[in-house]
Structures are given as C-alpha cells and as structure tokens.
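Chemist:
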Amino acid sequence: MRTIAAIATPPAEGGIAVIRISGDNASGIAERVFTPVSGRNIKEMRGYTACYGEIHDGAKRLDDGVLLIYRAPHSYTGEDSAEISCHGGIYTAKRVLSACFTAGAVPAQAGEFTKRALLNGKMSLTQAEAVADVISAQNEQFLLCAGSQREGALYRRIRAVSDELLSIVTLIQAWIDYPDEMEDEFDGSLEAEKLRHIADELGSLVASHGEGQLIRDGIPCAIVGRPNVGKSTLMNLLSGTEKSIVTDIEGTTRDIVEETVMLGGLMLRLADCAGIRETDDVVESIGVERMLKKLGEASVVLAVFDSSRPLNRDDERLIERLDGKRTLCVINKTDLEEKADIAALEDRFADIVRISAKDPASVKLLEKAVSKIAGIGDLDLTAGFIANERQRICASEALDHTRKALEALESGVTLDAVGIMCENALDRLYELSGEQVSDTVVDQVFRRFCVGK
Ligand code: GDP
Numbered sequence: 004m005r006t007i008a009a010i011a012t013p014p015a016e017g018g019i020a021v022i023r024i025s026g027d028n029a030s031g032i033a034e035r036v037f038t039p040v041s042g043r044n045i046k047e048m049r050g051y052t053a054c055y056g057e058i059h060d061g062a063k064r065l066d067d068g069v070l071l072i073y074r075a076p077h078s079y080t081g082e083d084s085a086e087i088s089c090h091g092g093i094y095t096a097k098r099v100l101s102a103c104f105t106a107g108a109v110p111a112q113a114g115e116f117t118k119r120a121l122l123n124g125k126m127s128l129t130q131a132e133a134v135a136d137v138i139s140a141q142n143e144q145f146l147l148c149a150g151s152q153r154e155g156a157l158y159r160r161i162r163a164v165s166d167e168l169l170s171i172v173t174l175i176q177a178w179i180d181y182p183d184e185m186e187d188e189f190d191g192s193l194e195a196e197k198l199r200h201i202a203d204e205l206g207s208l209v210a211s212h213g214e215g216q217l218i219r220d221g222i223p224c225a226i227v228g229r230p231n232v233g234k235s236t237l238m239n240l241l242s243g244t245e246k247s248i249v250t251d252i253e254g255t256t257r258d259i260v261e262e263t264v265m266l267g268g269l270m271l272r273l274a275d276c277a278g279i280r281e282t283d284d285v286v287e288s289i290g291v292e293r294m295l296k297k298l299g300e301a302s303v304v305l306a307v308f309d310s311s312r313p314l315n316r317d318d319e320r321l322i323e324r325l326d327g328k329r330t331l332c333v334i335n336k337t338d339l340e341e342k343a344d345i346a347a348l349e350d351r352f353a354d355i356v357r358i359s360a361k362d363p364a365s366v367k368l369l370e371k372a373v374s375k376i377a378g379i380g381d382l383d384l385t386a387g388f389i390a391n392e393r394q395r396i397c398a399s400e401a402l403d404h405t406r407k408a409l410e411a412l413e414s415g416v417t418l419d420a421v422g423i424m425c426e427n428a429l430d431r432l433y434e435l436s437g438e439q440v441s442d443t444v445v446d447q448v449f450r451r452f453c454v455g456k
C-alpha cells in the first residue's frame, strides 16, 4: 500500500496541527522530515512512543514538534503510522504536509485512513460509517448513539440476525441435499418461528432509522396557538434569545421563526408558527398556510393556550387540526387569573403542562413533559441503529426477503425456493455489515468523510 499523508486537524489556526502518515514507509518518510533532538533512530522507535525534534523540508527547517510512532497492526489503520504535531498555523501544517509529499508520501483521499482500517479488518463497515457520525455529532444523545455504533453495536445486532438466518439456510440445504439422513420429517414450524423472530428484529432495525434521525438532526417541533397566547415568548424562553418578536398586537408572528434548542438532552427543531385565525390580511394568511405545512411536518406539537382568556373559535379550530398529532397541550399565562375552560382542554389532551412562559422555572416543567411525549426518552441509545440510507435499504430488503421466505414456508412452497429467499435476505445483511460489499459501495461510504480521517 502506498504511504499516504494528510493534515488531520481542521484548516484553522490552533494550538497544534497534526499531520498523519500511514503505510509501509511511514517511518521512512517521518525520518526524512523529522530529526529527533535526542538523536534517536526513528526506524527503531517502538509503537506508541514519541519524541521531540525538528521538522524540515530537505535542508530547510520548518518548525519544531512531536513525532508519535505506531506499529502495525496496532494503529488506527492497522498499518505502520506516524503523526507529527507541529504548531497550529494553517501555513505551517501545509508546509509540513508538502515536506511529507517530497519525502515520498502521496495525498490521502477523503476517508482513506478509515478505509484502510476497514480493509485491514480493524473495523466493520458500519463501524467505519459511525466514525463520520461521531465527528458530525452535535448533541450528547447522538454522540452516545454514534459512539456505541463505532464500538460495533449495530454490527453485533446484524451479526446475531445473520447467524440465525445462516443456520436456517444450512438446515434447509441439508434437507434438500440429504433428506434420507435427516432424523425427523421436515415440518418447517421451527424454521417459521425463527424467521418470524428474524423479521421482528429486522423490523425494529428498520424503525431505528427514523429514531436515529430524530436524535441526530433534532425533533421537528411546531409551536402553534392562536395569536397572543405566548408562542413567541415560549420560543424565546426555550432558545434563550429574543429571536421571536414579542408584542401584544395580535398576529405579530407572521412568518415562521425556527431555532434548534437543547431541552433536557433532547435536540428540538422548534418552529414558532403564526397563529390560526380567520384573516383578510394576505401576508398573515400566507403565514397561516406555512404554519399548516409545518404542522404537517412536525413530530411533536406544542399547542399553546392562554389560560387568562376564554377559549374561542380559533382555539377550537386549532384543536380540530391536531387530530392524530403527537401533541403537548401547553396552558400558558398561569400567573394570571384563570378564565379559560381548562376542563375542556383536559378532556381533549392526554398530555398537559401548565406554565408561565415569562417564568424561567417553566423550562424544567417543559423538559419533563416534552421528553415524555417525544417518544424517544425510553430508547436504548447504545443498542445500535440504522444510521443512513445505504443501511436502511439493505435492512428493508433483508426484511422483505425474510417475509417472503416465511410466507413461502407457511404456504408449502418448495424448500428450494424458501432457501433462495433466505439466501437473498442473508446477502442483504452481509452487504449491510460490509462482509460482502462491492468496491463502489465502499467508495461511496468514504466519500462522506473528510481528508485526514
Ligand atoms: P404569540 O402571538 O402567541 O407569539 O404571543 P407572544 O409571545 O407575542 O405574547 C403575547 C403577549 O402575552 C405578550 O405581551 C407577552 O409578554 C405576554 N405573555 C406571554 N406569556 C405570558 C405569561 O406566561 N404570563 C403573562 N402574564 N404574559 C405572557
């Protein structure tokens, strides 16, 4: 394998920058650009040892820094590797990298270090994909998911299912090839039971894709309510900024204000929507239309009502539109005298929280209520999940083939045919885990990566 090099740290000024080198000639290249002050021989350095020295391009001194040596297979890529830490200037790092190229390294492609780790058996394809997820994680929960994934959580789940499927395929094959040597008559009920179990597990894997997306990108959450109930105030309370315009003139929030906020570890993509009311104002009615669209897209709705005013026709119209939506009824302005028919809201909504959006203490109440209703509070974040479209397609197709195999088995279709359907499912699972995958798919996976990873 050619020895590759790249800057592993972001292209920005910082304390240090790291230049990563990997391949058979990693220490040879390090030796040409780095001279330890102690006079140590780099080629004789053991893995996981470091030394301080001077970095140069030929005879030209560039910087001083630290060299860290890894020996195959005990490195990220599984190859001999070296990392040079130099001062974190963009130009300095580029110069050190170009010295590595002069010394014989070639530029690494995006994700090439991780691709080599995959090819050298250091990780499975789903683990490699999770590396990119760990890097892009923007919240604690997703970092936990991606971290477990990187440690092989999804791979282990797929492996358990594919092993079970393989045992069925092997048994069916034995029945086809050596029917006389099998002890009992084949009745298929045990295999059907196993296939049902496999289909259940694949079904929950496919469903985990949506859950993973909500955790990674945030839960789309619409704040709706008639004008002046306190939507913008609530939005500002949650986001901690004054982004929404708060006034007491009805219909102020004409466009949708969006903000991503963290609430009790959950990432919410909040959209403060225009109030629903009958209006002749063209601008405001466009706002109402957009609000209805947002309502359609939201996974969670915070429906805000003003406890200090009687419910009116606009509130009722809103309630009608919330049918079938996962809704938290937020009764606001509880610091004022109660004039709304709260019992009517209690009849209609299972989940209710009473707050004053002007009181910061309300955040805690909202935190509890939203995490209950968001439906991902109970998820096991370390269980492994389907993290991207490639994985989702493989898992869905494996599920389809398994269901077809089960149907075929139960309707008495020949064992040959059942066996082929199970094998098809197995192929999809091997592609999912990366055990049988084309170079094109692998290349596509690594295209998402940054250079240096
Ligand atoms: P929106 O039209 O639903 O976005 O409502 P706003 O957030 O603009 O609030 C309308 C008015 O109600 C403003 O004057 C807010 O200060 C006031 N308001 C909002 N929440 C509360 C609350 O909890 N208590 C009281 N007393 N006033 C509130």
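Residues in the sequence shown are numbered consecutively from 4, following the numbering used here. Every residue, glycine too, gets a C-beta built ideally from N, C-alpha and C.
1. Which partner residues of Gly268 appear in the DSSP bridge assignment?
2. Terminal residues of the continuous alpha helix (DSSP H) containing Arg2?
3. Taking Val69 as the reference, give the member of Thr38, Tyr79, Pro76 and Asp83 with the closest Cα.
4. How far does the beta strand (DSSP E) with Lys118 in it extend, from its first residue to its last?
5. So if DSSP puts His90 in a beta bridge, which residue, or which two residues, is it bridged to?
6. Assuming Ser139 and Thr385 make a contact with CB atoms under 8 Å, what is their CB distance in whole Å?
7. Apart from the five residues on each side of it in sequence, which residues of its chain come closer than 6 Å, Cβ to Cβ, to His90?
8. So the alpha helix (DSSP H) Tyr158 belongs to, where does it begin and stop?
9. For the ligand GDP, I want to know if Pro1 counts as a neighbour, meaning its beta carbon is within less than 7 Å of at least one of the ligand's heavy atoms.
10. Could you compute how far the alpha carbon of Tyr73 sits from the alpha carbon of Ala202?
11. Identify whether Ala131 lies in helix, strand or coil by the three-state DSSP scheme.
12. Tell me the DSSP secondary structure of Lys63 in three-state form.
13. Out of curiosity, what's the CA-to-CA distance linking Lys296 and Ser399?
14. Based on the DSSP secondary-structure assignment, which residues constitute the bridge partners of Val260?
15. Following a CB-centred definition, is Asp338 positioned closer than 7 Å to any heavy atom of the ligand MG?
16. Pick out whichever of Thr6, Met238, Gly42 and Gln130 has its Cα sitting closest to the Cα of Ser30.
17. Look up Ser302 in the DSSP assignment and say whether it is helix, strand or coil.
18. Can you list, in chain order, the residues of its chain with a C-beta nearer than 8 Å to that of Thr95? Leave out the 5 residues immediately preceding and following it.
19. Measuring only the C-alpha atoms, how far is Ile10 from Arg23?
Modeler: Let's see:
1. According to DSSP, Gly268 bridges with nothing at all.
2. No information on residue 2 is available, as it lies outside the stretch 4 to 456 that the chain covers here.
3. Thr38
4. Looking at the DSSP string, Lys118 is not in any beta strand (DSSP E); the run it does join, the alpha helix (DSSP H), is Glu115 to Leu122.
5. Ile19
6. The Cβ separation is near 19 Å, so there is no contact.
7. Asp66
8. Ala156 to Asp180
9. Nothing in the structure corresponds to residue 1, since the chain is present only between 4 and 456.
10. 44 Å
11. helix
12. strand
13. 29 Å
14. Asp275
15. With respect to the ligand MG, the structure shown offers nothing to examine, as its ligands consist of the ligand GDP.
16. Thr6
17. coil
18. Ala20, Leu65, Asp66 and Cys89
19. 6 Å
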